[in-house]
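Everything on this sheet refers to the single structure shown next.
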Amino acid sequence: MVVPRRFPPFLGCAVLVAACQGGGAGDPSGTAGSTGPSTSSTTAASTSAGTTTGGTTTGGGQDGECILWEQDCTSPDLKCMPWSADPDRVPDETKCCPLVDAPKQVGEDCSIQEYDGSCLDDCDAGAVCVQDDPDTLSGVCGELCNVEAPTPCPPGQTCKPFFENLPGAPVVPICMDQCDPLLQDCARPGWSCIPDSPTASGMSGFLCAPPPPGDRVPMFGACALANDCEPGLACVPADLVPGCTFLFCCTSYCNLGEPDPCPGYDPTMMCVDWQSPDPMWDHVGVCVVPV
């Protein structure tokens, strides 16, 4: 019989999508430095610049011409979108932007014009193009949502707010597909299953995220974004990964209901409980050095 191994909760968040995949050094939307290790808990790498607990976002706001989830632009030829003055993937405000003829629907392939953050894409009102190919500025239409709504997204999706703790940036909540980190069952090619937003007791679940702006990072490699690691790996604090010399490094998920594979990576590692508050993830662990 395999005895479940438990560990202090992992606190942290997920990744971003079209608007903030490539945060640079010093940018709290995309650096590991935005949430550092704690002595009482562990902190996963963050790319969304904040946290959400119980459906309430902190920081950020809806400064601009319109409200994304209400689509309250006065003209039917316009749609409410996050907008950035520069191609830095971080929105400055919301704007009423042109709606194309015959727009693409949620779940369909889409494209962005000019630059990522321009607010110009070919998705319908209430949707934004989630970029997964920076070379072609293409991706998939994701539905904008209201995190405070009773059912903000269809079944099987999570309303994930991005930029919620980035001062001056509007919150951009998007319905993202849920997934299993052990199966890595995201349907869209190149996407990976990574941790969802944090809660006080640990991760609330897992969601599908687009590829990182750079190359995928292998086991034990240094990571800064939650989606930097190769599929099946998690980006966790350095003190949990042997030989890690960066703030965060990649390590493998593991199944608590099966024989522990982690000593095969390093004899000091063991499979510890991810401690999601959702009982459906009670079997999910991660290979780390216990502290």
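If you want the working numbering, it's the position in the sequence shown, counting the first as 1, plus 37. Glycine residues also receive a C-beta, built at the ideal position from the N, C-alpha and C atoms. In this text the structure is predicted, and so the values were computed from the model without any measurement.
Buried or exposed by the 16-neighbour rule on C-beta atoms within 10 Å, applied to residue i
| i | result |
| --- | --- |
| Tyr290 | buried |
| Glu107 | exposed |
| Glu26 | Past the boundaries of the shown model lies residue 26; the chain is included only from 38 to 328, so the question cannot be answered. |
| Gly154 | buried |
| Pro249 | buried |
| Ser112 | exposed |
| Thr131 | buried |
| Thr84 | In this predicted model, Thr84 has a pLDDT of only 40, less than 50, meaning its place in the structure is not dependable enough to derive any value. |
| Val321 | buried |
| Ala237 | Because the pLDDT of Ala237 is 42, which lies under 50, any placement of that residue in the model is unreliable, and the question is left without a value. |
| Gly176 | buried |
| Val209 | buried |
For residue i, the nearest candidate out of the options (CA to CA)
| i | options | result |
| --- | --- | --- |
| Leu272 | Cys223, Asp319 and Pro218 | A quick correction: the sequence has Cys, not Leu, at residue 272. When only C-alpha atoms are compared, the closest one is Pro218. |
| Gly163 | Pro204, Pro119 and Gln215 | Pro119 |
| Phe199 | Val167, Gly227 and Ser175 | Val167 |
| Gln194 | Leu181, Glu145 and Ala206 | Leu181 |
| Met306 | Ile149, Gln312, Pro255 and Pro279 | Pro279 |
| Pro192 | Asn202, Gly179 and Asp214 | Asp214 |
| Cys134 | Lys116, Gly227 and Arg225 | Lys116 |
| Cys286 | Leu174, Met317 and Phe257 | Phe257 |
| Cys245 | Leu220, Lys132, Asn202 and Lys141 | Leu220 |
| Gly227 | Lys197, Leu262, Pro268 and Gly101 | Pro268 |
| Asn202 | Val127, Ser112 and Asp159 | Val127 |
| Leu284 | Leu262, Val328 and Thr131 | Leu262 |
| Met317 | Val328, Gly294, Asp146 and Ala224 | Gly294 |
| Leu136 | Asp159, Ser229, Cys190 and Asp276 | Asp159 |
Per DSSP, cross-strand counterpart(s) of residue i
| i | result |
| --- | --- |
| Asp146 | Val177 |
| Met307 | Val325 |
| Ser289 | Leu270 |
| Ser229 | Ala246 |
| Thr195 | Met213 |
| Thr131 | Gly101 and Pro119 |
| Asp153 | Partner(s): none; Asp153 has no beta bridge. |
Three-state class that DSSP yields for residue i in the structure shown
| i | result |
| --- | --- |
| Gly301 | helix |
| Leu219 | coil |
| Trp120 | strand |
| Ala164 | strand |
| Met317 | helix |
| Ala224 | coil |
| Asp276 | helix |
| Gly101 | strand |
| Val254 | strand |
| Val259 | The question names Val, but residue 259 is Ala in the sequence shown. Residue state, collapsed to three classes: strand. |
| Gln312 | coil |
| Asp172 | coil |
| Asp114 | coil |
| Met265 | Going by the sequence as given, residue 265 is Asp instead of Met. DSSP places Asp265 in coil when its eight states are reduced to three. |
Beta-carbon separation (whole angstroms), residue i vs residue j, contact threshold 8 Å
| i | j | result |
| --- | --- | --- |
| Ile211 | Val165 | 7 Å |
| Asp233 | Phe243 | 6 Å |
| Thr288 | Val323 | 6 Å |
| Asn32 | Ser229 | The requested residue 32 does not occur in the structure, where the chain is confined to residues 38 to 328. |
Closer than 7 Å: residue i CB and nearest the ligand COA heavy atom
| i | result |
| --- | --- |
| Asp158 | The model depicted lacks the ligand COA and carries no ligand whatsoever. |
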